[in-house]
Every structure is written in structure tokens, then in C-alpha cells.
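Trainee: Here you go, one structure.
Protein chains: 4
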Amino acid sequence: MFVAGRSADKIEQVAKTIASKGGSADAVVTETTREEDVIRLFDHAMTPRAGLDSLDLVAYNAGNNRKLDFRELSAELFEDFWRIGCFGGFLVGREAARRLVPLGRGTVLFTGASGSMRGKPGFAHFAAAKAGLRMLAQSMAREFGPQGIHVAHVVIDGGINGDRLRLNRPEIVQERGEDGLLGVDAIAETYWQLYRQPRSAWAQEIDLRPYKENF
Amino acid sequence: MFVAGRSADKIEQVAKTIASKGGSADAVVTETTREEDVIRLFDHAMTPRAGLDSLDLVAYNAGNNRKLDFRELSAELFEDFWRIGCFGGFLVGREAARRLVPLGRGTVLFTGASGSMRGKPGFAHFAAAKAGLRMLAQSMAREFGPQGIHVAHVVIDGGINGDRLRLNRPEIVQERGEDGLLGVDAIAETYWQLYRQPRSAWAQEIDLRPYKENF
Amino acid sequence: MFVAGRSADKIEQVAKTIASKGGSADAVVTETTREEDVIRLFDHAMTPRAGLDSLDLVAYNAGNNRKLDFRELSAELFEDFWRIGCFGGFLVGREAARRLVPLGRGTVLFTGASGSMRGKPGFAHFAAAKAGLRMLAQSMAREFGPQGIHVAHVVIDGGINGDRLRLNRPEIVQERGEDGLLGVDAIAETYWQLYRQPRSAWAQEIDLRPYKENF
Amino acid sequence: MFVAGRSADKIEQVAKTIASKGGSADAVVTETTREEDVIRLFDHAMTPRAGLDSLDLVAYNAGNNRKLDFRELSAELFEDFWRIGCFGGFLVGREAARRLVPLGRGTVLFTGASGSMRGKPGFAHFAAAKAGLRMLAQSMAREFGPQGIHVAHVVIDGGINGDRLRLNRPEIVQERGEDGLLGVDAIAETYWQLYRQPRSAWAQEIDLRPYKENF
């Protein structure tokens with residue numbers, strides 16, 4: 002398995018966790034908005050290795066979110082959100098298509114948000130990027146599905162019960178209570194089930210939210 | 002498990018198949034568009050039984066489809082499609098909510114179609130019913146999710162590789178080839194995975210189609 | 002012009018208002034959920050009259066709304082909402098198609114609501130009917146557009162500044178302030194503009210809401 | 002009126018046409034993807050002029066479309082489509098909001114396409130940009146509507162009966178026949194009607210297509 006991300010610390014931590022549970026993972030520092038990084042990552046990941054099947058699952062999960070005052074929003078910030086939320090997904094999706102289509106199999110999963118389908122005040126920058134990513138996923142699904150590549154878009158709607166929220170906003174974790182935030186393992190399980198779907202019944206889009214989430 | 006349907010022959014066949022695989026199923030003849038039948042089915046299914054957990058998964062799967070000339074469509078036929086495609090879902094959904102909400106848990110799954118989101122020529126009757134069922138599922142999900150009931154809508158897009166198509170339109174099965182139609186087991190697996198989702202990450206809607214399906 | 006509705010008083014009042022402004026309108030008592038009433042209305046309206054062009058604009062505007070407890074909702078009430086919200090639209094839409102398609106021109110407008118696209122708690126009955134009406138409009142548009150019939154769906158999102166609200170809930174009118182509710186003339190103007198659209202650029206769907214409305 | 006665009010020739014031609022019909026228009030060469038150009042355009046347009054009301058209608062109409070092979074698509078081209086299709090809309094939308102919100106009135110119209118709501122094979126680059134623009138319009142509408150600014154998104158679905166198509170693909174004009182392509186005047190009329198809508202009934206989204214268009 003390959004864990005790619007901007008921060009060496011973070012992805013090595015993930016790789017170690019995987020190793021500690023008996024798995025095996027390579028941490029590859031990657032700036033997903035830089036074309037050469039993405040190409041290098043795929044070159045590395047697709048290199049045949051003794052005893053290993055070739056790569057066949059790609060998950061694009063980059064992104065962040067923040068409410069911002071629209072009239073104060075700088076052009077740079079609007080662009081940054083697009084780079085990480087949409088452009089990086091294009092680079093990864095294109096490389097995945099280039100490598101997987103010739104093999105006739107593989108799964109490419111993109112992570113969306115409620116902003117993928119709806120623009121709320123203060124989130125134009127986020128929704129514009131995420132809706133773009135969703136269209137990318139749809140176009141890829143329609144084009145590459147018949148060639149054996151499963152492309153799906155997972156709409157993650159709600160706060161994630163992970164380190165970021167627990168550290169920065171412990172009061173939210175408290176307030177929502179158990180299962181009131183999206184469980185990391187539960188999200189991962191859905192990605193895994195998407196990967197496992199036989200090609201006779203592929204999902205293109207699924208939404209996930211905690212049972213208490215207002216939507 | 003309870004298998005409910007209009008035709009005793011069909012549902013007993015299903016019950017036998019389940020029994021032959023080591024499961025156990027009651028066939029209950031039910032006209033899903035008749036309120037008293039649906040209530041009786043739930044009365045029966047919710048009766049406590051030694052050694053059995055109480056019912057906690059309901060799947061509404063009734064419906065059929067047919068292209069019809071809109072200008073020739075009789076009021077009766079338009080209504081029939083709604084009765085089976087939407088009204089029966091209401092009766093089942095309401096009974097499920099009545100019985101499950103007090104328990105604070107349970108899963109209710111509704112089967113949709115591409116007509117649930119889009120009206121094509123010759124399918125007004127079908128789309129009107131299916132879109133209604135989808136709204137029913139959404140309303141229930143929004144209302145009963147926070148009370149612990151998982152309500153999801155599964156959009157089945159494409160022909161199903163089942164008896165109906167194999168008997169009536171063998172040429173389509175031929176033409177689409179292996180995995181070109183929706184596999185029954187693959188569909189069932191997705192319903193099962195929805196049932197298994199922990200409440201920290203519930204799906205409300207998912208679409209399923211064969212890899213070759215144009216959409 | 003023909004004003005059709007269930008209550009003779011109301012529609013005669015409308016006809017009088019139209020006459021007082023120099024127009025001319027026939028009030029035709031019609032139960033829109035009764036097939037023979039709808040057919041009779043069209044028979045009447047399509048009868049050639051000296052000095053008058055034949056009918057070429059049909060607007061289906063029936064319906065009401067009310068929040069209802071889902072678990073207490075009777076089968077009869079669920080059906081009633083569908084009869085007025087969707088089935089009556091089918092009867093009117095079908096008659097319109099039967100009469101207008103041979104002429105190769107005409108406009109059919111259906112009135113929707115935010116419930117046409119989204120099911121909220123306590124509104125399953127309303128959303129199921131309205132989403133059905135929307136699919137009916139879509140199917141008709143796709144089928145009859147190329148035959149010269151303009152079919153559009155107008156999503157009315159918000160309270161209407163009309164008699165019903167002013168009499169029953171004057172506090173809302175007060176609270177929203179001027180232009181905070183949908184103006185009747187403003188709605189009518191949009192219907193009029195849809196009617197006026199040349200066939201080289203027809204709208205199929207448009208939403209209308211007051212500037213203050215949260216959506 | 003101000004006509005802004007990349008090519009001096011084109012916009013001066015438009016300004017001349019307007020003048021020849023008794024109107025008055027300034028052609029302002031503007032690269033809509035360049036922040037300083039957009040700011041300068043608004044500075045210019047918002048300068049009070051004797052005998053003229055201040056600007057209160059902004060239409061963002063930039064963009065182009067082309068089917069491209071996804072796997073061969075360069076990062077530069079993907080970005081270019083976003084710059085013109087979405088980022089330029091952000092720059093214009095933000096400047097419009099900055100200038101109009103303090104006045105408490107004004108209309109901002111964005112031009113969409115069927116790609117705004119759906120990603121087709123070979124159009125990922127276009128759909129990703131257009132869906133982003135749509136979310137921008139939605140966010141702005143939700144935020145600035147209550148402050149008196151009308152923001153709407155017009156989905157233009159189909160070929161436009163304009164110079165580009167008539168010069169480059171005369172066979173399409175031929176094949177579609179009269180009214181089979183979107184009329185420029187008919188489109189303009191809809192923009193005009195949106196501008197004229199009173200704030201008691203504003204449209205946020207409308208789609209336009211020729212009567213023959215398949216959708």
C-alpha cells in the first residue's frame with residue numbers, strides 16, 4: 002500500500018500504524034497539486050514487485066474546508082482550494098486512468114462533501130472545488146466504467162471523528178456524543194466495500210453521514 | 002426472515018431456496034398496496050419468537066416497469082403504477098417507522114431506479130411513482146435517522162440478471178454478456194452492507210449499475 | 002380564459018376580477034382529480050369560438066401543503082395529497098397533450114415546490130406527490146417538446162402573499178415584511194414570460210423565491 | 002453598458018451594434034481571468050456618470066467548450082478551462098458583490114451549461130469548471146439574496162445560433178433547422194426578464210434549450 006501526502010510526518014505515522022497491524026505500506030511524500038509528484042508516485046506504485054499484485058485501488062482524499070467571507074476572499078485562496086480540492090484530483094484521476102485502463106481493471110475513489118452538491122454562504126471556494134471534483138468523477142465513471150475501471154464518488158457529510166476535530170474542537174466531539182461524528186473505520190469500511198463490488202453492480206455515488214446529522 | 006409478496010408460488014419458492022441454504026424464512030402472502038395486509042405482515046413479523054431477535058431490516062422492493070404511450074395511458078394504469086411503486090412503500094415505511102422507532106434501531110431500504118431522478122418519454126407513470134418513493138425515503142431518513150432508524154434508497158439502474166429477463170428477453174442477456182446486467186447477488190450484497198453500516202456513517206442513497214451501463 | 006377549480010365561489014370571483022380588468026374568463030367547476038371533469042373541461046375549452054384563438058396555455062396549479070406526523074398519517078390522507086398534487090396533474094397533462102400535440106403548439110405549466118426536489122420530515126406526503134408531478138412534467142417535456150409543446154415546471158419556494166396566508170397567518174406576512182413573501186403578480190409574470198418564450202429557447206424548469214427566503 | 006472581453010475587435014463590434022440600435026456601450030478590453038483587469042473594469046463601470054444610473058446588472062458569460070481525450074489532457078489545458086469557466090466568474094462575482102452589496106440592489110447572472118450538472122465522457126475539464134461556477138452562483142445567491150442582490154444561473158443547453166456555429170459548423174445549423182438552435186435574442190430576452198424580476202419572486206436557476214434538443 003502507498004500512503005501519499007504533503008507531510009512526511011503524517012504519512013509515516015499512517016504507514017507505521019498499518020505496519021503495526023500486520024500490513025505493509027510505503028509513505029511517499031507527494032504534493033498532489035504538482036504534476037511531476039503525482040506522475041512519480043504512480044511510476045513508483047505501478048512498478049512490479051515480487052509477490053505483490055499490481056496496484057488496483059486509488060483513493061483521492063485531499064482537501065480541507067473553512068468558512069470564508071466571500072467579499073474578502075483573495076484570488077489566491079480561491080485558487081488554492083481548487084488546486085487541492087479539484088486539480089489534484091484531476092492529476093491523480095488522469096494518472097490512474099492512464100495506468101489502469103490498459104489493465105482493464107481497478108477502482109478509483111474520490112472523496113466529496115455536501116458542498117459537492119450545494120453552495121452555501123461562505124463556502125463558494127469549497128463548493129466550487131468539490132463540485133468540480135464530482136464532475137471529474139462522473140466523467141471518468143461514464144468513460145472508463147465500460148473499460149473495466151470503477152470510479153466512485155463518496156459524499157462525506159458531517160464532521161469526522163479524527164485527530165483534527167478531536168484536537169482542535171473537542172467541544173464538538175463532546176456535544177455530538179458517540180456516533181454523532183463520522184467514524185473513521187466506518188468510512189474506511191464503505192470505501193472497502195466499494196472496492197469489493199463486482200462489476201455487475203457498481204455504485205457511482207454514495208453519501209455517508211452520522212445518524213444525527215441534519216441534512 | 003419474512004418473504005412477502007402477492008404470489009404465493011413465488012414467495013414460497015424464495016423461502017424454500019433460503020431454507021435449502023440453511024436459512025429460515027416465512028412466506029407471507031401480502032398485497033403491499035392493501036393497508037390491512039401490510040399491518041398484518043408487521044404484526045406477524047414483530048411477534049417475539051423464542052431464540053430470535055426482533056425484526057430490524059425491512060426492504061421494499063415492489064414494482065415493475067414498462068414503456069407506455071403517454072397519450073394512451075389510462076387513469077387506472079397511472080394509478081396502478083403509483084400504488085405499487087409509491088403507495089405500497091408508504092404503507093410499509095409507515096408500519097416500519099411505527100414499530101422500529103420505539104425500539105430505536107432498524108434499517109429500512111427502498112429500491113429506486115433511474116426513473117426516480119429523471120422522467121424519460123414514455124415513463125411518466127413509472128418516474129412519477131418512483132420519484133415519490135424516493136421523497137418518502139428522504140423524508141423518513143431525515144426524520145427517523147436521529148431516532149436510530151437507518152433509511153436508505155438504492156437506485157438500481159439497468160436490467161437485472163434474474164428470471165424475468167432471462168425468460169422474457171434472453172436476447173438482452175446474450176447481448177450484454179457476463180456482468181453486463183445487474184447481478185442479483187451483487188445487489189443483495191449492497192443491501193447487506195447498508196444494513197451492516199454502523200450509525201456513525203450511514204448512507205442515504207447509493208446507485209448501482211453494471212459496468213457497461215450507459216448513464 | 003378558463004378558470005377551473007373545485008369551488009364555484011372562488012373561481013367565479015377570479016373570473017369577475019379578470020372581467021373587471023377588461024379580460025374575459027369562464028369559470029368552470031372542475032374536480033381536477035376526476036377524469037370526466039378534466040375531459041369535459043378540455044372539451045369545453047377547445048371548442049372553437051368566433052373571434053377567439055384556440056386554447057394554447059394550460060397551467061396546473063392545484064395543491065396544498067401541511068406538515069403531518071408521518072407515523073399518524075392515514076393511508077387516505079397520503080392518497081389525497083397524491084390525487085391533488087400529482088394525479089390531477091396527470092389528467093390535465095394527458096388531456097393537454099392529446100389536444101395540443103395535433104396542433105403542434107401550446108404551453109403546459111406545472112407548479113412545483115421545494116418539496117418537488119427534497120423530502121423534509123413531516124412532508125413525505127407532499128414531497129412524494131410533488132416529486133411525481135415534476136417527473137410527469139419532465140417526461141412530457143422530453144416527449145412533446147420536439148412536437149412543439151412547451152412543458153415547464155415552476156418551483157415555487159416560499160409563502161405566497163395571497164388571501165390564504167393573509168387571512169390565516171397574518172403574523173407571517175407581518176414578520177416577512179414587504180417582498181418577503183412571493184408576490185402573486187410576480188409569479189404570474191414569470192408564467193407569462195414562459196408562455197412567451199419562442200421555441201428556440203424554452204425553459205424546462207425555473208425556481209422562484211422571495212429575496213429573503215432561506216434555501 | 003459595458004462590453005468586456007479579451008478581444009478588442011469582437012467587443013467593439015458588439016458595442017457598435019448596440020450603438021447602431023440606439024443604445025450606448027463602452028468596449029473595455031478585459032482578461033476576465035486577471036484580477037487587476039476585473040477590478041479595473043468595475044472601477045470604470047461603477048464611476049458615477051452624469052445622467053446615468055449606476056451599474057446594476059452583471060452577466061458573466063465567458064467560456065468555451067471542446068471534447069478532449071481525458072487521458073491526453075494536459076494539466077495546463079485542464080487549468081485553462083477552469084480559469085475561464087470558473088475562476089473568472091469568481092473574480093467578477095466577487096467584485097460585483099463588493100460593489101453591489103453596499104447599494105443593496107443589483108443582478109448578477111452566470112451562464113451555465115448542461116455540463117454544469119453532469120459530467121460526460123470527454124468533458125471532465127468543462128464540467129469541472131462549469132459545476133464550480135454553478136456552486137459559486139448558488140453560494141452568492143444564498144448569501145447576497147437577503148441583502149438585495151439577485152444572483153441567478155442560466156443553464157444554456159444546446160448549440161447557439163450565433164457566428165461561431167454558423168461559420169465553423171454550418172452543417173449543424175442546416176441539420177437542426179429553424180429554431181433547432183438556441184436563438185441569441187431569445188437567450189437575451191430571458192436574461193432581461195431575470196433582471197426585471199421583482200425581489201418578491203426571484204429565480205435562482207433556469208435552463209434554456211431549443212424545442213428539439215434531446216436532454
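Residue numbers (the working numbering), protein chains in the order written: chain A, 2 to 216; chain B, 2 to 216; chain C, 2 to 216; chain D, 2 to 216.
C-beta: ideal position from N, C-alpha, C; glycine also.
For clarity, every value in this text was computed on a predicted model and none was experimentally measured.
Ends of the beta strand (DSSP E) at D:Phe111?
Mentor: 107 to 114 is the span of the beta strand (DSSP E), which, as asked, contains D:Phe111.
Trainee: Got a sec? Which residues, its chain only, sit under 7 Å from B:Val102 by beta carbon, not counting five neighbours each side?
Mentor: Contacts found: Phe145, Gln148, Ile150.
Trainee: Listing by chain order, which chain D residues have their CB less than 8 Å from the CB of C:Arg170?
Mentor: The contacting residues do not exist; C:Arg170 stays about 17 Å from chain D at best.
Trainee: Within the continuous alpha helix (DSSP H) that includes A:Tyr196, where are the two ends?
Mentor: Unbroken alpha helix (DSSP H) run through A:Tyr196: 185 to 197.
Trainee: From D:Arg72 to A:Val93, what distance separates their C-alpha atoms?
Mentor: So the two alpha carbons sit approximately 11 Å from each other.
Trainee: Please determine if the region 173 to 190 of chain C and the region 196 to 208 of chain D are in contact, where contact requires at least 3 C-beta pairs separated by less than 8 Å.
Mentor: Yes, the region 173 to 190 of chain C touches the region 196 to 208 of chain D.
Trainee: Taking the runs of the beta strand (DSSP E) that are 3 residues or longer, which of them lie wholly in the region 24 to 102 of chain A?
Mentor: Correct list: 27 to 30, 58 to 61.
Trainee: Hey, out of A:Gln175, A:Glu37, A:Ser117, whose CA is closest to A:Asp208's CA?
Mentor: It is A:Ser117 whose Cα lies nearest to the Cα of A:Asp208.
Trainee: Which term fits B:Trp1, buried or exposed, when burial requires 16 or more other beta carbons within 10 angstroms of its beta carbon?
Mentor: This structure leaves residue 1 of chain B out entirely; chain B is present only between 2 and 216.
Trainee: Just verifying my parser: in three-state terms, what is the DSSP assignment at D:Phe124?
Mentor: In the structure shown, D:Phe124 sits in coil (DSSP, three-state: anything other than H, G, I, E or B).
Trainee: Report the three-state DSSP secondary structure of A:Leu182 (helix, strand or coil).
Mentor: DSSP places A:Leu182 in coil when its eight states are reduced to three.
Trainee: Strictly below 8 Å CB to CB, what residues from chain C border B:Val102?
Mentor: What B:Val102 touches in chain C: Arg72.
Trainee: Can you tell which of A:Leu168, A:His154, A:Glu77 has the C-alpha that lies nearest to the C-alpha of D:Glu36?
Mentor: That would be A:Glu77, whose Cα lies nearest to the Cα of D:Glu36.
Trainee: What residues in its chain sit with their C-beta under 6 Å from that of D:Ser115, if we drop five residues either side in the sequence?
Mentor: Here the set comprises Asp158.
Trainee: Under a Cβ-count criterion, where at least 16 other Cβ atoms within 10 Å of its own Cβ denotes burial, should C:Pro49 be classed as buried or exposed?
Mentor: Label assigned to C:Pro49: exposed.
Trainee: In chain D, which residues lie less than 9 Å from C:Thr191 when you measure between Cβ atoms?
Mentor: Within 9 Å Cβ-Cβ: Gln194, Gln198, Ala202, Ala204.
Trainee: Leaving aside the five residues before and after A:Val4 along the sequence, list all residues of the same chain whose C-beta is less than 6 Å from its C-beta, in chain order.
Mentor: So the qualifying residues of the chain are Ile12, Val15, Ala16, Ala26, Ala28.
Trainee: First and last residue of the alpha helix (DSSP H) that includes C:Asp10?
Mentor: Residues 9 to 21.
Trainee: Just to confirm my understanding: we take B:Ala129, look at its own chain, exclude 5 residues before and 5 after, and list those with CB closer than 7 Å. What are they?
Mentor: The answer, listed in chain order, is Trp83.
Trainee: Below 9 Å between beta carbons is the criterion; list the residues of the region 115 to 133 of chain B that meet it against any residue of chain C, in chain order.
Mentor: Residues passing the 9 Å Cβ filter: Gly116, Ser117, Met118, Arg119, Gly120, Lys121, Pro122, Gly123, Phe124, Ala125, His126, Phe127, Ala128, Ala129, Ala130, Lys131, Ala132, Gly133.
Trainee: At the level of alpha carbons, what is the spacing between D:Gly133 and A:Gly133?
Mentor: Using only the alpha carbons, I get a separation of about 5 Å.
Trainee: Using a 10 Å radius around the Cβ and a threshold of 16 neighbouring Cβ atoms, would you call D:Lys131 buried or exposed?
Mentor: Buried: at least 16 other Cβ atoms inside 10 Å.
Trainee: Assuming C:Ala153 contacts C:Leu110 under a Cβ cut-off of 8 Å, what Cβ separation, rounded to an integer in Å, is found between them?
Mentor: Confirmed, about 5 Å.
Trainee: Among residues of its own chain, excluding the 5 on either side of C:Ala97, which ones have a beta-carbon nearer than 6 Å to its beta-carbon?
Mentor: Closer than 6 Å at Cβ, skipping near neighbours: Val59, Val109.
Trainee: Expressed to the nearest angstrom, what Euclidean distance is found between the alpha-carbon atoms of A:Arg100 and A:Ala46?
Mentor: If you take the alpha carbons of A:Arg100 and A:Ala46, they lie about 10 Å apart.
Trainee: Is A:Asp208 close to chain B? Criterion is C-beta to C-beta, closer than 8 Å.
Mentor: With 8 Å as the cut-off, A:Asp208 counts as an interface residue toward chain B.
Trainee: Check B:Phe216 in the structure and name its three-state DSSP category.
Mentor: In this structure, B:Phe216 counts as coil in the three-state DSSP scheme.
Trainee: Is it buried or exposed for C:Glu176, if we count other Cβ within 10 angstroms and need 16 for buried?
Mentor: Label assigned to C:Glu176: exposed.
Trainee: Name the chain E residues that come within less than 7 Å of C:Arg143, Cβ to Cβ?
Mentor: Protein chains in the displayed structure are A, B, C and D, and chain E is not among them.
Trainee: Taking the alpha carbon of B:Ser8 as the reference point, which residue from B:Glu32, B:Arg135, B:Arg41 has its own alpha carbon closest?
Mentor: Of B:Glu32, B:Arg135, B:Arg41, the residue nearest in Cα terms is B:Glu32.
Trainee: Given this structure, state the Cα-to-Cα distance separating D:Gly86 from D:Asp44, to the nearest angstrom.
Mentor: So the two alpha carbons sit approximately 23 Å from each other.
Trainee: Put A:Ala153 into one of helix, strand or coil per three-state DSSP.
Mentor: If DSSP states are grouped into helix, strand and coil, A:Ala153 belongs with the strands.
Trainee: Can you look up D:Gly6 in the DSSP assignment and give me helix, strand or coil?
Mentor: Residue state, collapsed to three classes: strand.
Trainee: Buried or exposed: C:Thr191, going by 16 or more other Cβ atoms within 10 Å of its Cβ?
Mentor: Buried: at least 16 other Cβ atoms inside 10 Å.
Trainee: Name the chain D residues that come within less than 9 Å of C:Leu110, Cβ to Cβ?
Mentor: Those within 9 Å of C:Leu110 in chain D number zero; the least Cβ separation is about 13 Å.
Trainee: Within 10 Å of its beta-carbon, does B:Asn215 have 16 or more other beta-carbons around it, so buried, or fewer, so exposed?
Mentor: So B:Asn215 counts as exposed.
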